[in-house]
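In my numbering, the protein residues as written are 2 to 221. Every residue, glycine too, gets a C-beta built ideally from N, C-alpha and C. Remember, it's a predicted structure, so these values are computed and weren't measured experimentally. Here the structure comes first, spelled out in structure tokens, and everything after it is commentary.
Shown next as structure tokens:
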């Protein structure tokens, strides 16, 4: 299905959310599909994703990110590094607006086209819990530090923590979204950091491995 059939895509998304045991409201479903429509529209110019088929985008982008949101339960101040087209940051923000209203989601990317897209999504979807920054994360100074820093397909784990460790609050943690369990990257983590947990995820209708890697400071 190359055309954008909102009703069909919404049904696929609702079934997937149910399979993930997530309570996703009609408002959230509508916003998630609105986001996908914007991504599909802007993609031809801004090259946000290699995935072109809307059905595959529901699985590989929306459900892939929704599968991870429960890991952010209780987080107050989240940073998505190398946010790109907004995965998982925009999906997390749409979910959190109802499920975790105290949560704020900041997204940072070096590519102005991508942050322009994220700013447009924020405006069109009315996401008051979102902040967007155009900067290199290693040079970024945030108004306040983050209790969770996340990324999806951004960089190797050692670079991820080296570049953004100065932004992590005391007692905070990194949550990296990865495909196959990155054992070699885990082994190469810099001194002062440890993996607390490697959690396998099941994404409905996706025939591929997905893992969350939880990283914290040694002694925290």
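Using the C-alpha atoms, what's the distance from residue 131 back to residue 16?
-> Their backbone Cα atoms lie some 27 Å apart in a straight line.
Report buried or exposed for residue 174, applying the criterion of at least 16 other Cβ atoms within 10 angstroms of its Cβ.
-> Result: buried.
Min CB distance residue 124 to chain D below 7 Å = Absent from the structure is chain D; it holds one protein chain and no more.
Under three-state DSSP, which class holds residue 92?
-> helix
When you compare only the Cα positions, how much space is there between residue 96 and residue 211?
-> 20 Å
Closest by CA to residue 121, which one among 219, 35, 70?
-> 35
Exposed or buried, what is residue 102 when buried is set at 16 or more other beta-carbons lying within 10 Å of its beta-carbon?
-> exposed
Roughly how many whole angstroms lie between the Cα atoms of residue 1 and residue 82?
-> Residue 1 lies beyond the residue range present for the chain, which begins at 2 and ends at 221; the question has no answer from this structure.
Could you check if residue 86 is buried or exposed, using at least 16 other CB atoms within 10 Å of its CB as the buried criterion?
-> buried
Give the straight-line distance between the Cα atoms of residue 162 and residue 51, rounded to the nearest whole angstrom.
-> Approximately 27 Å between the Cα atoms of the pair.
Identify, in the order they occur along the chain, each residue of the same chain with its Cβ nearer than 6 Å to the Cβ of residue 151, setting aside the five sequence neighbours on each side.
-> 81, 176
With 16 other Cβ atoms within 10 Å as the buried cut-off, status of residue 113 | exposed
Which runs of the beta strand (DSSP E) spanning at least 3 residues fall entirely within the segment 83-167, listed in chain order?
-> Whole beta strand (DSSP E) segments, 3+ residues: 105-110, 131-135, 147-153.
Can you give, in chain order, each stretch of the alpha helix (DSSP H) that sits fully within the segment 158-218 and has at least 4 residues?
-> Whole alpha helix (DSSP H) segments, 4+ residues: 158-165, 184-188.
7 Å Cβ cutoff met for residue 194 and residue 214 = no
Neighbourhood of residue 74 by C-beta distance below 8 Å, restricted to the same chain and skipping five residues each side = 101
What number of angstroms, rounded off, separates the C-alpha of residue 10 from the C-alpha of residue 220?
-> Their backbone Cα atoms lie some 45 Å apart in a straight line.
Provide the residue(s) that pair with residue 78 in DSSP beta bridges, ordered along the chain.
-> In DSSP, residue 78 forms a bridge with 105.
Please state if the CB of residue 204 and the CB of residue 69 are separated by a distance shorter than 7 Å.
-> no
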